[in-house]
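Student:
Protein chains in written order, with the working numbering: chain B, 34 to 290; chain P, 104 to 502.
1) For a quick check, are the C-beta atoms of residue 220 (chain P) and residue 286 (chain P) less than 8 angstroms apart?
2) Going by CA-CA distance only, name the one from P:355, P:345 and P:462 that's closest to residue 325 (chain P).
3) Quick check on residue 218 (chain B) - is its C-beta less than 8 angstroms from some C-beta in chain P?
4) Using a cut-off of 8 angstroms between C-beta atoms, extract the partners of residue 112 (chain B) located in chain P.
5) Would you report the Cα separation of residue 329 (chain P) and residue 281 (chain P), rounded to the nearest angstrom?
6) Unbroken alpha helix (DSSP H) runs of length 4 or more, entirely within the segment 44 to 110 of chain B: which are they?
7) Please classify residue 502 (chain P) as buried or exposed, where buried requires at least 16 other C-beta atoms within 10 Å of its C-beta.
8) Using C-beta distances below 8 angstroms, list every residue in its chain close to residue 211 (chain P), excluding the 5 sequence neighbours before and after it, in chain order.
9) Can you grab the Cα-Cα spacing for the pair residue 130 (chain P) / residue 115 (chain B), in whole Å?
10) Could you tell me the distance, in whole angstroms, from the CA atom of residue 275 (chain B) to the CA atom of residue 59 (chain B)?
11) If contact means a Cβ-Cβ distance below 8 angstroms, which residues of the segment 133 to 157 of chain B contact chain P?
12) If you draw a straight line from the C-alpha of residue 293 (chain P) to the C-alpha of residue 122 (chain P), how long is it?
13) Here's a check: name, in chain order, each residue in its chain whose Cβ is nearer than 8 angstroms to the Cβ of residue 174 (chain B), leaving out the five neighbours to either side.
14) Spatial neighbours of residue 178 (chain B) within its chain, please: CB distance less than 8 angstroms, with the 5 preceding and 5 following residues excluded, ordered by chain position.
15) For the putative contact between residue 89 (chain B) and residue 213 (chain B), defined by C-beta atoms under 8 angstroms, what is the C-beta separation to the nearest angstrom?
16) Find out if the Cβ-Cβ distance for the pair residue 189 (chain P), residue 231 (chain P) is shorter than 8 angstroms.
17) Go through its chain and collect everything with a Cβ distance to residue 121 (chain B)'s Cβ below 7 angstroms, but skip five positions before and after it.
18) Would you please verify whether the beta carbon of residue 251 (chain P) is less than 8 angstroms from any beta carbon of chain B?
19) Which residues of chain B have a Cβ atom closer than 8 angstroms to the Cβ of residue 131 (chain P), listed in chain order?
20) What does the alpha-carbon distance come out to for the pair residue 181 (chain P) and residue 138 (chain P)?
21) Would you call the CB atoms of residue 286 (chain B) and residue 246 (chain B) closer than 8 angstroms?
22) Pull the bridge partners of residue 390 (chain P) from the DSSP assignment, please.
23) Report the rounded CA-to-CA distance for residue 39 (chain B) versus residue 403 (chain P), giving the unit in angstroms.
24) Buried or exposed: where does residue 435 (chain P) fall if 16 or more other Cβ atoms within 10 Å of its Cβ makes it buried?
25) Between the C-alpha atoms of residue 168 (chain B) and residue 290 (chain P), what's the straight-line distance to the nearest angstrom?
26) Within 8 angstroms (strictly less), CB to CB, does residue 112 (chain P) reach chain B?
27) In the DSSP assignment, find the alpha helix (DSSP H) that holds residue 150 (chain B) and state where it starts and stops.
28) Which residues in the same chain have their Cβ closer than 6 angstroms to the Cβ of residue 129 (chain B), if we skip the five residues on either side of it in sequence?
29) Which of the three DSSP states is assigned to residue 272 (chain P) in this structure?
30) Closer than 9 angstroms by beta-carbon distance: list the chain P residues that pair up with residue 7 (chain B), in chain order.
31) Should residue 302 (chain P) and residue 234 (chain P) be called a contact, given that it needs their Cβ atoms to be closer than 8 angstroms?
32) Name the DSSP bridge partner or partners of residue 365 (chain P)?
33) Decide if the segment 43 to 57 of chain B is in contact with the segment 92 to 112 of chain B; the criterion is three or more beta carbon pairs, one per stretch, under 8 angstroms apart.
34) Using the C-alpha atoms, what's the distance from residue 175 (chain P) back to residue 306 (chain P)?
35) Write down the C-beta distance between residue 309 (chain P) and residue 145 (chain P) rounded to the nearest angstrom, noting that I regard them as a contact closer than 8 angstroms.
36) With H, G and I counted as helix, E and B as strand and the rest as coil, what does DSSP make of residue 298 (chain P)?
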């Protein structure tokens, strides 16, 4: 059983996955942010590898990526920073990023190194199903990494089932077709999540895009096992200040009973 | 006479959109529905008689096709070969871009779309898109780099006059690359009612193939016109400038599988290929993924896309269409480049000896003619992709 699967086995509701951009706000913030997220109640960390042209990301995450790149972040630097992360981070860590920087690093070398430092899974939004099945999926699996596909309200049921069957750990339900950081109508989202629930998928579902506070987290987790917060947390970090204080205030507000 | 290896794959990418190792559709799931619909329907719609009837009629009566193939006598004498100019600059809106937008707007209507989005660099594609949207009464939003908005003011004014909304792309280098990112993000945010008219042979499959097919009217006409003028359909060379590569794809298309025809693509070398301020993608790039397809991309060793430079906004792009990447890799195409300064010189020179003021993009294609070691028996077609009105501000600085 993978670490991701264990999380869902131990806790079936209100799982919180928080996105952070590697090398943001400062180059050496990566480990501090991750430690803070773990300490303050995140169940999973989604660690973003910055890219110059992130198509699926809204302005907040784009800006954090630009800053991280300007700070000197790249995949090789990131692997150095997280070389010993398993001495302090016990919750699952997923790498999120775009294909181009990974291809330049070397896809196989990337998967091997990710596994070596203790990464649990990958989210690669611009790796499509065809390419996954044709070549890359095999390399990911051989290196013992979980792969998480995205599904949207426009994804046909048959395709949702297919993407679910190829995913491990969880399935990432995008709350509506949109880039990150946009507000959503949660009544519409709820209907969509109910529909997903009815498909009786293999994987638990985490919903992302538009989850920004307690209200949206509560609404999103009625019909799913948990949710993913990205832009709202990055927005808090962008204001500056002590990472631990920002993180504890933000996560406490989201998770408060 | 040189013989080039040909491959039927040049005109027909695989079902997944590959030309050799280049192409594909590297898109987030949010775009899957739209791209899949296009992928399964574009060929069928384009081959439909009602589509073809409307497309051909608009190309004739609205765009003004066929565009002339003009024997440039003074230029020919100077170069020492027979030079024909394919006058895409005489198309309605001043460039070849409208061939594609006419095709895509009819396609968008057949798909039941209500709104159009587009990216633009020099503004020619934006104007061509705004024009067809006005023609069809569809809402039009054009994304344009903030830097390009400044240097292409007349085209911004044209788009607004045609009823389009122009949204400045403020991310990254604030040029064509970022305008394309913004357009793709906008499409992600409202996928159902919107069609994205990409202006070049770039983007996820089926865009490169679809745009190449719409632009292929250029080489279809060249073959007929050359036959009338010279008795043979085939020139020895076809020369075109390449940013993303739509006019080149159109000018090359019906010669791709003609082994005697040398295809010459001219990239923008900016201040010089290795100056650090260049947009000569094949010379400086490596295989990578940009805007949804695998191609040759100008990037750092860790895979961040770099900011290109060209005096011409339309060539200021760090990638190239996957068809061209394949032409380059397979050596079917000859890739040359021209600097900002050479392009400016060519623009002034062509104006003086032929009475034609070309677009800055197009001027790059003329810069390589003296370097091609052409023979008297050579018959060269240069794709005169656009006219220079939009570049007058730049030209005035160098008068």
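Cβ coordinates follow ideal geometry from the N, Cα and C atoms, glycine included. All figures in this text were calculated on a predicted structure; none of them were measured in a lab.
Tutor: According to the structure data:
1) Against the second chain, residue 220 (chain P) aligns to sequence position 117. Against the second chain, residue 286 (chain P) aligns to sequence position 183. Contact: yes.
2) Start at 1 with the first residue of the second chain, and residue 325 (chain P) comes out as number 222. Of the candidates P:355, P:345 and P:462, the one whose C-alpha sits nearest the C-alpha of residue 325 (chain P) is P:355.
3) As a first step, residue 218 (chain B) is located in the first chain; it is residue number 185 there, counting from the start. Answer no: the Cβ-Cβ gap between residue 218 (chain B) and chain P never drops below 8 angstroms.
4) Here residue 112 (chain B) refers to the residue found at position 79 when the first chain is read from its first residue. Using a Cβ-Cβ cut-off of 8 angstroms, residue 112 (chain B) is close to nothing in chain P; its nearest Cβ partner there is about 12 angstroms away.
5) Position 226 of the second chain, counted from the start, is the residue given in the question as residue 329 (chain P). Position 178 of the second chain, counted from the start, is the residue given in the question as residue 281 (chain P). Approximately 39 angstroms, taken between the alpha carbons.
6) You should have 62 to 72 and 92 to 104.
7) The count along the second chain starts at 1 and reaches residue 502 (chain P) at position 399. So residue 502 (chain P) ends up on the exposed side.
8) Counting from one through the second chain, the residue named residue 211 (chain P) turns up at place 108. Excluding the 5 residues flanking it on each side, residue 211 (chain P) has same chain C-beta neighbours closer than 8 angstroms at 219, 241, 298 and 300, in chain order.
9) The residue you call residue 130 (chain P) lines up with position 27 of the second chain. The residue you call residue 115 (chain B) lines up with position 82 of the first chain. Whole-angstrom Cα-Cα distance: 28 angstroms.
10) On the first chain, position 242 is the one that residue 275 (chain B) refers to. On the first chain, position 26 is the one that residue 59 (chain B) refers to. Taking the straight line joining both Cα atoms gives about 12 angstroms.
11) Within the segment 133 to 157 of chain B, the residues whose Cβ lies closer than 8 angstroms to some Cβ of chain P are 133, 134, 135, 136, 137 and 138, listed in chain order.
12) Taking the first residue of the second chain as position 1, residue 293 (chain P) is located at position 190. Taking the first residue of the second chain as position 1, residue 122 (chain P) is located at position 19. If you take the alpha carbons of residue 293 (chain P) and residue 122 (chain P), they lie about 30 angstroms apart.
13) Stepping through the first chain from its first residue, residue 174 (chain B) is reached at position 141. Excluding sequence neighbours, residue 174 (chain B) sits near 180.
14) The count along the first chain starts at 1 and reaches residue 178 (chain B) at position 145. Closer than 8 angstroms at the Cβ level, and outside the excluded window around residue 178 (chain B), lie 144, 147, 148, 152, 153, 154 and 155.
15) Position 56 of the first chain, counted from the first residue, corresponds to residue 89 (chain B). Position 180 of the first chain, counted from the first residue, corresponds to residue 213 (chain B). About 7 angstroms separates the Cβ atoms of residue 89 (chain B) and residue 213 (chain B), confirming a contact at the 8 angstroms cut-off.
16) Translated into positions along the second chain, residue 189 (chain P) becomes position 86. Translated into positions along the second chain, residue 231 (chain P) becomes position 128. No, Cβ-Cβ distance for residue 189 (chain P) and residue 231 (chain P) is not below 8 angstroms.
17) To locate residue 121 (chain B), count along the first chain from 1; it is residue 88. The residues 68, in chain order, have a CB closer than 7 angstroms to that of residue 121 (chain B) in the same chain once the five nearest residues on each side in sequence are set aside.
18) What you label residue 251 (chain P) is simply residue 148 of the second chain in a count that begins at 1. Taking 8 angstroms as the CB threshold, residue 251 (chain P) stays off the interface with chain B.
19) Reading the second chain from its first residue, position 28 is the one you call residue 131 (chain P). When 8 angstroms is used as the limit between beta carbons, residue 131 (chain P) is near these residues of chain B: 88, 89, 158, 159 and 183, in chain order.
20) The residue given as residue 181 (chain P) occupies position 78 in the second chain. The residue given as residue 138 (chain P) occupies position 35 in the second chain. Spanning the alpha carbons of residue 181 (chain P) and residue 138 (chain P) requires a straight line of approximately 48 angstroms.
21) Position 253 of the first chain holds residue 286 (chain B). Position 213 of the first chain holds residue 246 (chain B). Contact: yes.
22) On the second chain, position 287 is the one that residue 390 (chain P) refers to. Beta-bridge pairing links residue 390 (chain P) to P:399.
23) Locating residue 39 (chain B) in the first chain gives position 6, counting from the first residue. Locating residue 403 (chain P) in the second chain gives position 300, counting from the first residue. Rounded to whole angstroms, residue 39 (chain B) to residue 403 (chain P) spans 39 angstroms at the Cα level.
24) Indexing the second chain from 1 puts residue 435 (chain P) at position 332. So residue 435 (chain P) counts as buried.
25) What you label residue 168 (chain B) is simply residue 135 of the first chain in a count that begins at 1. What you label residue 290 (chain P) is simply residue 187 of the second chain in a count that begins at 1. One C-alpha to the other measures close to 28 angstroms.
26) What you label residue 112 (chain P) is simply residue 9 of the second chain in a count that begins at 1. Not closer than 8 angstroms to any Cβ of chain B, the Cβ of residue 112 (chain P) fails to qualify, so no.
27) Within the first chain, residue 150 (chain B) is the residue found at index 117, counting from 1. Counted as a single uninterrupted DSSP element, the alpha helix (DSSP H) harbouring residue 150 (chain B) occupies residues 140 to 150.
28) Residue mapping note: residue 129 (chain B) aligns to position 96 of the first chain, counting from 1. Once the five neighbours on either side are set aside, the close Cβ partners of residue 129 (chain B) are 79, 81 and 156.
29) Position 169 of the second chain, counting from 1, holds the residue named residue 272 (chain P). Residue 272 (chain P) falls in the strand class under three-state DSSP.
30) Residue 7 (chain B) is absent from the structure shown; chain B starts at 34 and stops at 290.
31) Along the second chain, one-based indexing puts residue 302 (chain P) at 199. Along the second chain, one-based indexing puts residue 234 (chain P) at 131. For the pair residue 302 (chain P) and residue 234 (chain P), the CB atoms are not nearer than the 8 angstroms cut-off.
32) If you number the second chain from 1, residue 365 (chain P) lands on position 262. Within the DSSP secondary-structure output, residue 365 (chain P) pairs in a beta bridge with P:340.
33) By the Cβ criterion, the segment 43 to 57 of chain B is in contact with the segment 92 to 112 of chain B, since at least three pairs of Cβ atoms, one from each stretch, lie closer than 8 angstroms.
34) Position 203 of the second chain, counted from the first residue, corresponds to residue 306 (chain P). Position 72 of the second chain, counted from the first residue, corresponds to residue 175 (chain P). So the alpha carbons of these two residues sit roughly 35 angstroms apart.
35) On the second chain, position 206 is the one that residue 309 (chain P) refers to. On the second chain, position 42 is the one that residue 145 (chain P) refers to. About 5 angstroms separates the two Cβ atoms, so the contact holds.
36) The residue given as residue 298 (chain P) occupies position 195 in the second chain. Judged by DSSP in its simplified three-state form, residue 298 (chain P) adopts strand.
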